[in-house]
Every structure is written in C-alpha cells, then in structure tokens.
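Notes follow once the structure below has been shown.
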Amino acid sequence: MSYDTPESSVDQGQPYFLYLLDNGVSPVRLTSDPDFLTRMGEVWTPSPIAHADIEQTGNIEKNSVELTFPLSDIYAKTLLTPANEVTTVTVWRGHHTDLSEELRVVWKGRVVDAKSAKQNIKVSVESVFTSMRRPGCRARYQRTCRHALYFPGCNIDVDDFKVAGTVTAVSGLALTVAEAALQTDQYYKAGLVIFNDLFGWIGDHIGSTLTLIGAIDGLAEYVTAHGSASVFIAPGCDLSTGPNGCAKFSNFLNMGGFEFMSDNNPFSQSIT
C-alpha cells in the first residue's frame with residue numbers, strides 16, 4: 033500500500049501531519065498525532081498544533097497558512113520574540129494505514145508574524161514561492177541613511193563596538209546599567225542590548241538608564257532570580273553623518289543617505 037491508496041479511498045485514510053520549524057540553529061519537530069512518531073529517522077513530538085486549510089489561488093501573496101498553538105505552548109512563546117534567524121516551516125501529510133510510511137509535503141514557507149489572540153498563539157506562515165516573485169529592495173532617495181545599524185549595507189560589526197555591562201534592575205522596559213553612564217546621554221539611543229544572543233533595541237538613554245523599545249525574552253526573570261545579568265551594550269546611530277551618526281563609527285563610506293538632496297521634486301512641474 034502506498035500513500036495514494038488511503039488518500040484516495042473512502043474510509044481507509046487515517047491522516048496525520050508532521051511540522052518542521054527550522055531556524056537554522058535548533059529545528060523543532062512536531063506532529064499532530066497524540067503519540068511520538070519516528071519518521072525520516074527523526075522523532076516527532078506530539079503537539080496541539082493545528083493549521084488552517086491549505087489553499088492554492090492565483091495570488092501567491094494570499095496563499096499564507098496560519099498555525100495555531102495554545103497560549104501555554106513554550107515553543108510558540110519563543111516565536112513572539114523577534115529573532116535574527118528566519119524560521120522555515122515544512123508540513124508533511126501521511127496516513128497510519130500506509131505501511132510504507134510515505135509522506136507528502138503539503139506546505140513549505142517561512143514565519144512572517146506571530147501574535148497572541150485570546151487563548152491561542154497564531155503564527156502566520158508565508159509561502160516559499162512569494163520570495164521568487166517579490167521585487168528586491170530598491171535604494172531610497174532620502175537625506176537620512178537607509179541602512180539599518182549593524183546590518184548589511186551599514187557593514188559595521190557590532191562586536192567592534194559593544195561593551196560589557198551589568199543589568200542590576202529592570203522596571204518595565206527600563207534597564208539600569210551602570211556602564212551606560214560612562215557615556216553622554218543618548219549615546220546608546222537606537223543601539224542594542226544583547227542578552228543570551230537576543231537583541232533589544234534601545235529607545236532612550238539617560239545616565240545609567242536604558243529604555244528598550246521591546247522587552248528581551250527572559251532578561252527580567254533572570255535579574256529577578258539572580259539579582260543581575262551580564263549583557264553587552266552597543267551605541268546607536270541617528271542615521272546622519274554627524275557626531276551621533278557616521279562620525280561616531282568612522283563609517284562615512286557606507287552612508288546610505290543623500291544629505292545634500294534638493295528640496296525640489298524633479299518629477300513635478302513648476303514656474304519657479
């Protein structure tokens with residue numbers, strides 16, 4: 033018996049799904065079956081994960097699939113935190129009545145969003161084919177730099193500028209880091225706090241207080257349990273060539289803005 037036999041039969045099908053969520057570092061293998069399964073030489077863990085109907089339409093941008101986890105799911109909670117790696121998702125379908133254990137890939141894509149909704153965590157997965165028809169990023173004509181600090185285009189290595197620090201208190205998004213006071217106010221604004229390889233962007237810097245834009249997963253709990261936490265802090269950039277921009281990093285060659293652009297729109301007509 034092959035996969036096609038139970039799949040096309042009236043009453044012989046006993047389907048189950050396998051889900052591989054892989055960020056390139058630590059792949060997670062889940063199954064909709066209530067028992068552990070061994071397939072393709074790997075063990076798949078039972079999970080209450082579910083996915084919406086998989087549809088094929090003429091618009092691949094709309095061919096997304098939503099994965100649903102319970103709010104208490106430990107792995108799903110990690111998807112709520114912004115990550116540096118792209119998490120790809122592959123879904124296989126098989127039948128318990130298929131003794132050959134043949135599997136068919138029914139979906140492949142990547143995680144684009146995760147949010148908590150009532151009693152669930154919903155993860156949006158975009159089809160892998162969208163990347164084939166998506167235009168590349170075009171350079172923007174603007175005064176401020178178009179590059180993200182410490183990312184491609186900017187080309188600054190965060191390891192060259194980060195300094196070790198100790199978080200001694202956490203109040204909401206505000207962190208107390210004594211080492212931050214060694215620099216002038218706002219020196220670390222738009223910079224980074226790095227804890228256990230997780231990044232948190234700094235929205236404000238006054239004295240020894242760094243205010244994050246979003247919480248870093250596990251940092252507050254670690255400080256509560258241990259009294260302090262070792263982190264790295266890296267300075268920010270205001271996307272200009274000034275002392276708080278390229279001059280701070282001696283990175284003028286990678287400036288992605290056009291500071292001397294005209295105020296006149298070249299695509300408009302005017303008598304002046």
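This note's numbering numbers the first residue of the sequence shown as 33 and each following residue consecutively. Here a beta-carbon is modelled for each residue, glycine too, at the ideal position from N, C-alpha and C.
Would you verify that the beta carbon of residue i is, or is not, closer than 8 Å to some beta carbon of chain C?
| i | result |
| --- | --- |
| Ser260 | Looking for chain C here will not work: only one protein chain is present. |
Would you give the residue range spanned by the beta strand (DSSP E) that residue i belongs to?
| i | result |
| --- | --- |
| Val143 | 136 to 149 |
| Lys154 | 152 to 159 |
| Phe101 | 97 to 102 |
| Ala266 | 261 to 266 |
| Asp236 | 230 to 238 |
| Thr120 | 120 to 127 |
| Gly197 | 195 to 203 |
With a threshold of 7 Å on Cβ separation, who are the neighbours of residue i within its own chain once the five nearest residues in sequence on each side are excluded?
| i | result |
| --- | --- |
| Lys194 | Ile226, Phe264, Ile265, Ala266 |
| Glu39 | Gly45, His127 |
| Asn296 | none |
Below 6 Å CB to CB, which residues in the same chain sit around residue i once its five sequence neighbours on both sides are set aside?
| i | result |
| --- | --- |
| Ser79 | Leu62 |
| Gln218 | His237 |
| Gly223 | Ile234, Ala266, Pro267, Gly268 |
| Ser272 | none |
| Thr77 | Leu62 |
From which residue to which residue does the alpha helix (DSSP H) around residue i run?
| i | result |
| --- | --- |
| Leu181 | It is not in any alpha helix (DSSP H) - Leu181 carries neither H nor E in the DSSP assignment. |
| Glu253 | 251 to 258 |
| Leu111 | 106 to 111 |
So, at 8 Å on beta carbons, what are the nonlocal neighbours of residue i in its own chain, with the 5 sequence-adjacent residues on each side left out?
| i | result |
| --- | --- |
| Ile245 | Leu205, Gly232, Trp233, Ile234, Gly235 |
| Phe299 | none |
Check residue i in the structure and name its three-state DSSP category.
| i | result |
| --- | --- |
| Phe281 | helix |
| Leu6 | Here the chain comprises residues numbered 33 to 304, so residue 6 is not present and cannot be evaluated. |
| Leu131 | coil |
| Ala84 | coil |
| Ala206 | strand |
| Ile92 | With a pLDDT of only 49 at Ile92, under 50, the local geometry of the prediction cannot be trusted, and the value read off the model is given with reservation. If DSSP states are grouped into helix, strand and coil, Ile92 belongs with the helices. |
Open item on the list: Across the segment 126 to 141 and the segment 173 to 192, are there enough close Cβ pairs to call them in contact, namely three or more that are closer than 8 Å?
Closed with: no
Task: Sufficient close CB pairs (3 or more, under 8 Å) joining the segment 51 to 60 to the segment 104 to 123 - done: yes
Task: Stretch pair the segment 242 to 249 + the segment 146 to 160: three plus CB contacts closer than 8 Å - done: no
Open item on the list: Three Cβ pairs or more, each shorter than 8 Å: is that satisfied between the segment 236 to 247 and the segment 201 to 219?
Closed with: yes
TODO: Give, in chain order, every unbroken run of the beta strand (DSSP E) that is at least 3 residues long and sits entirely within the segment 34 to 79.
DONE: 47 to 54, 60 to 63, 69 to 71, 74 to 78
Task: Three-pair Cβ contact test at 8 Å for the segment 144 to 158 versus the segment 99 to 109 - done: yes
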